[in-house]
Structure formats: structure tokens, C-alpha cells
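Numbering (our numbering), first residue to last: 449 to 565.
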């Protein structure tokens, strides 16, 4: 005697459950069908997902997604150092001290090594 999914007992060779009117399903046939379906699906991920990542490349000279190239870095350096030097010659170091600190921080941020790839 089998049991339906609703919990009712099914008589032998019953075409449907007398309580919920569902057709009975043989558990072994269902399990075999499930195993066959899994055997037929042979999915494997694309090579791009399973390939190891290339090692990161860092550079001060090449441009990256968050950094400028050499020409722009040199232009930033010359302009900021030139303005600081002109200010120091015109007003003295005491009055240009905050600008000197800002220029030093800008040079550090401009010339630090950035990830290129």
C-alpha cells in the first residue's frame, strides 16, 4: 500500500487518490527521471570564469583607470611647483606654507603607484 502526497493511503493499482484526486506517481520512476535529466545537462562554466586572474600590474608612468599618463602628470607637476615657487618668491615661505603642503600632497597623489591592469 502506497501513500499519496496528501497523506492518504492508496490501494494497489489505484488510478488516482480518493482524497485529493491526484494521479499517484511512483517514487522510483520519478527518481530515475531526475537522474536522467541531470546526466543530460552537462554544463561547464566558460573559460573566462575559471581561468586564473592575471597578476596585477602597477606603474607610475602608464595611465590607468584612476591615474593620468606621463604627459598630464608632468604638466600637473610643473604647474603646481611653478605656482608654489612663484608664491614663495613673491610672498615669502611663511605665507605660502599651506600651499607648499598642498603641493606636496598633490605630488604624492599624482606620482604614487597605481594599478594599471
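Positions of the beta carbon are idealized from the N, C-alpha and C atoms, including for glycine.
If you reduce the DSSP assignment to three classes, tell me which class residue i lands in.
i, result
"residue 490", "coil"
"residue 519", "helix"
"residue 451", "strand"
Do residue i and residue j have their C-beta atoms within less than 8 Å of each other?
i, j, result
"residue 559", "residue 514", "no"
"residue 483", "residue 561", "no"
"residue 517", "residue 564", "no"
Counting only the same chain and skipping the five closest in sequence on each side, list residues whose C-beta sits under 6 Å from that of residue i.
i, result
"residue 471", "464"
Tell me, please, which residues DSSP counts as bridged to residue i.
i, result
"residue 460", "According to DSSP, which records beta bridges pairwise, residue 460 is partnered with nothing at all."
"residue 507", "562"
"residue 512", "515"
Practice item. Evaluate the contact criterion for the region 490–502 versus the region 542–549: three or more CB pairs, one atom per stretch, below 8 Å. Key: no
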